[in-house]
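Here's the structure we're looking at; comments come further down.
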Amino acid sequence: MSEPRRTALDALHRALGATMTDFAGWDMPLRYASEREEHQAVRTRAGLFDLSHMGEIAVTGPQAGQALDHALVGHLSALAVGRARYTMVCAPDGGILDDLIVYRTGDQEYLVVANASNAQTVLDTLALRAAGFDAEVRDDRDAYALLAVQGPQAPAILASLTDADLDSLRYYAGLPGVVAGVPAMIARTGYTGEDGFELFVAPGDAEKLWQALTEAGAPHGLVPCGLSCRDTLRLEAGMPLYGHELTASVTPFDAGLGRVVKFDKPGDFVGREALLAAAARAAEVPPRTLVGLVAEGRRVPRAGFPVVDAAGAVIGEVTSGAPSPTLGVPIAMAYVDAAHTEQGTSGVAVDIRGSHEPHSVVALPFYKRAR
Amino acid sequence: MTINPEQLRYSKEHEWLDAAEDGVSTVGITSHAADALGDVVFVQLPEVGASVTAGESCGELESTKSVSELYSPVSGEVTEVNQDVADDPSLVNTAPFAGGWLFKVRVSGEAEELLSKAEYDAFIEG
């Protein structure tokens, strides 16, 4: 077994007493103290995350936008400089290879951010699909550390450390700036359901930035946060996770995310034929639909558990489940047969180790912040 | 309820056992196990009157990220369960050697091989 990779903040995590976990080959902080308190800090104040395991890939050149239009399901050449887009890379058969955030960092420059577990696949796929375009695909995984400040206090904390115009930085946008003396790409993105920022910096600057954010955040109640609360935060916000809601065996249409596929963009793109067929299929016969489930008891539905109807017949499968710190009850996302997806459908249960525990069907997300 | 961790005996499944002179022992899980689980959100305890067997599952502990079996370190009959911890499972995290005890058992058979505090510390270090 190869040694897990460590981020530029590894020594800091250990000094803070983090419980570490292996995640996609990286040794990452799972939690520092109580994951529920970290979760509540992000919902009510602010949390600081090390996300340096995420995979950055730069795509540059005169045809960078066209190359991405061809390689991904989104229309990236139409993205304005400084904006970001949630998109996907699909296999020729339409299956999802990864979900991505793509930032347009310049007229001929894009930054693609892939999940850690898929970063190599995305890199290889982009390199292959960019062949024939006047564009370069560059592995920038070692070029960046990624820190995220998330929560209602995030703008105030960041504003105290930068002259960048955060007020005009919209959700899903990014701009270059200096934070605490450190050059950074400041992006208003995140994976928690809260307002917040993701800061792409040189690994050598990561510790300095972490310390500055910790100090500036202290009066605002900012705490360091691990991957455990990141997962419950994204689950409450109804955000899909690759390997759970999204896999190579589902298309964006099966995942209820068909809107990310832009058939009307110029040129051909990989997966187009299969995705057209998937769209037609989904329109005709509704596939299993991703819904929210709220437990009526206290046992927790987990990924892979069957969803059953009143007669005990299997009608779906849980993709993610956890106790919701915000709602105070266990929640789950599950793919469920179309006949059982209406809110208020009765008799739906999750088979939790042999016991059929009643659940309510709800619309996603479970939690939406007040704006 | 005050328990001195030094005087307890420990299973390799991370339960502690407080063996009292009247033959009714108290069972809980160690702070090491509670830390490893993370925030405990649900505890299923055996029922009063149930027979438990040393080394066999008699309940479950559910945390944010996972569910773990609760094993009994001894055989016998359950005489009492901690309703406080059923109502507030976080007691397992905040007071594993006090208010977070799990159940009491009238010991009938031999315990599985249990460890002293020093032996248990060495076991979790190892």
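Chains A and B supply the protein sequences, listed in that same order. Here this note's numbering is used: position 219 in the first sequence is 1050, and no number is missing along the way. Here this note's numbering is used: position 55 in the second sequence is 1013, and no number is missing along the way. Just so it is clear, CB atoms sit at the ideal spot from N, CA and C, and this is done for glycine as well.
Using the Cβ count rule (16 or more neighbours within 10 Å means buried), how would you classify residue i?
i: Ser883(A); result: buried
i: Tyr1002(A); result: exposed
i: Pro1161(A); result: buried
i: Val1139(A); result: buried
i: Asn962(B); result: exposed
i: Asp1036(A); result: buried
i: Pro1004(B); result: buried
i: Asp841(A); result: buried
i: Ser1021(B); result: buried
i: Pro776(A); result: What is shown of chain A runs 832 to 1202, which leaves residue 776(A) out entirely.
i: Gln897(A); result: buried
i: Asp900(A); result: buried
i: Val1001(B); result: buried
i: Glu1127(A); result: exposed
i: Ala976(A); result: buried
Rounded to whole angstroms, what is the Cα-Cα separation between residue i and residue j?
i: Ser1048(B); j: Val1131(A); result: 15 Å
i: Val1025(B); j: Thr952(A); result: 32 Å
i: His1171(A); j: Ile1146(A); result: 8 Å
i: Glu1071(B); j: Asp881(A); result: 43 Å
i: Arg1019(A); j: Asp853(A); result: 27 Å
i: Gly892(A); j: Lys1039(A); result: 32 Å
i: Ala871(A); j: Glu1025(A); result: Here residue 871(A) turns out to be Gln, not Ala, going by the sequence shown. Cα-Cα distance, rounded: 11 Å.
i: Glu887(A); j: Val943(A); result: 6 Å
i: Ala1076(B); j: Gly1034(B); result: 26 Å
i: Arg862(A); j: Asp1062(A); result: 11 Å
i: Val985(B); j: Asp1045(B); result: 17 Å
i: Gly1178(A); j: Val1167(A); result: 13 Å
i: Gly1074(A); j: Phe1084(A); result: 16 Å
i: Asp1182(A); j: Glu1188(A); result: 6 Å
i: Arg874(A); j: Pro1196(A); result: 15 Å
i: Arg1184(A); j: Gln1041(B); result: 23 Å
i: Gly1098(A); j: Glu1046(A); result: 49 Å
i: Val1039(B); j: Ser1015(B); result: 15 Å
i: Arg845(A); j: Gly1021(A); result: 24 Å
i: Val1043(B); j: Leu1060(B); result: 7 Å
i: Arg969(A); j: Gly905(A); result: 20 Å
i: Ser1066(B); j: Glu834(A); result: 48 Å
i: Leu957(A); j: Pro1071(A); result: 22 Å
i: Leu907(A); j: Ala987(A); result: 31 Å
Report all residues from its chain with a CB closer than 7 Å to the CB of residue i; omit the five preceding and five following residues, and keep chain order.
i: Ala922(A); result: Leu928, Ala1079 and Gly1102
i: Ala1043(A); result: Leu992 and Ala1011
i: Ala1165(A); result: Val1122, Leu1124, Val1138, Gly1147, Glu1148, Val1149 and Thr1150
i: Asn1051(B); result: Ala992, Asp997 and Val998
i: Tyr1198(A); result: Gly1024, Glu1067, Ala1068 and Thr1157
i: His972(B); result: Ile987, Thr988, His990 and Ala991
i: Gly1089(A); result: Pro1083, Ala1110 and Ala1113
i: Lys1023(B); result: Gly996
i: Glu979(B); result: none
i: Pro1054(B); result: Gly986, Ile987, Thr988, Ser989 and Ala992
What are the partner residues of residue i, as DSSP defines its beta bridges?
i: Arg914(A); result: Ala1004(A)
i: Pro963(B); result: In DSSP, Pro963(B) forms no bridge with anything.
i: Lys1062(B); result: Thr984(B) and Glu1038(B)
i: Ile932(A); result: Tyr917(A) and Val944(A)
i: Leu1121(A); result: Tyr1166(A)
i: Arg837(A); result: Asp858(A)
i: Pro1054(B); result: Paired residue(s): none; Pro1054(B) is not in a bridge.
i: Thr852(A); result: Met859(A)
i: Asp976(B); result: Thr984(B)
i: Ser1015(B); result: Tyr1029(B)
i: Leu1077(A); result: Tyr1073(A)
i: Thr993(A); result: Val1010(A)
i: Arg969(A); result: Ala889(A)
i: Ser1021(B); result: Val998(B)
i: Val980(A); result: Leu879(A) and Phe1028(A)
i: Pro1137(A); result: Glu1148(A)
i: Val873(A); result: Per DSSP, none; premise fails for Val873(A).
Going by beta carbon distance, what residues of the same chain come within less than 6 Å of residue i, once the five residues before and after it are set aside?
i: Asp829(A); result: No statement about residue 829(A) is possible, as the shown extent of chain A runs from 832 to 1202 and does not include it.
i: Leu903(A); result: Thr918 and Val920
i: Thr936(A); result: Leu942
Leaving aside the five residues before and after residue i along the sequence, list all residues of the same chain whose C-beta is less than 8 Å from its C-beta, in chain order.
i: Arg836(A); result: Gly856, Trp857, Asp858 and His884
i: Leu975(B); result: Leu966, Arg967, Tyr968, Ser969, Ser983, Thr984, Val985, Pro1031, Val1032, Ala1069 and Leu1072
i: Gln894(A); result: Phe964, Asp965 and Ala966
With a threshold of 7 Å between beta-carbons, can residue i be considered close to chain C, or not?
i: Ser1080(A); result: This model lacks chain C altogether, as its protein chains are A and B.
*Can you list, in chain order, the residues of the region 1033-1049 of chain A whose Cβ is nearer than 9 Å to any Cβ on chain B?*
none
*For the region 1133-1167 of chain A, which residues have a CB atom closer than 9 Å to at least one CB atom of chain B, in sequence order?*
Answer set for the region 1133-1167 of chain A: Arg1133, Ala1153, Pro1154, Pro1156 and Pro1161.
*Quick one: which residues of the region 986-1009 of chain B get their C-beta closer than 7 Å to a C-beta of chain A? List them in chain order.*
In summary, the residues of the region 986-1009 of chain B whose CB is separated from some CB of chain A by less than 7 Å are Gly996, Asp997, Val999 and Phe1000, in the order they occur in the chain.
_Residues, ordered as in the chain, of the region 854-888 of chain A that lie near chain B by beta-carbon distance below 7 Å_ = Closer than 7 Å at the C-beta level to chain B, one finds these residues of the region 854-888 of chain A: Arg862, Ser865, Glu866 and Arg867.
*In chain order, what residues of the region 1015-1035 of chain B put their CB closer than 9 Å to some CB of chain A?*
Per Cβ criterion, the list reads Glu1018, Glu1020, Ser1021, Thr1022, Lys1023, Ser1024 and Val1025.
*Relative to chain B, which residues along the region 1048-1066 of chain A have a C-beta separation below 7 Å, given in chain order?*
Listed by position along the chain: Ser1059 and Thr1063.
*Between the region 1103-1136 of chain A and chain B, which residues of the former have CB atoms less than 9 Å from a CB of the latter, in chain order?*
Gly1128, Arg1129, Arg1130, Val1131 and Arg1133
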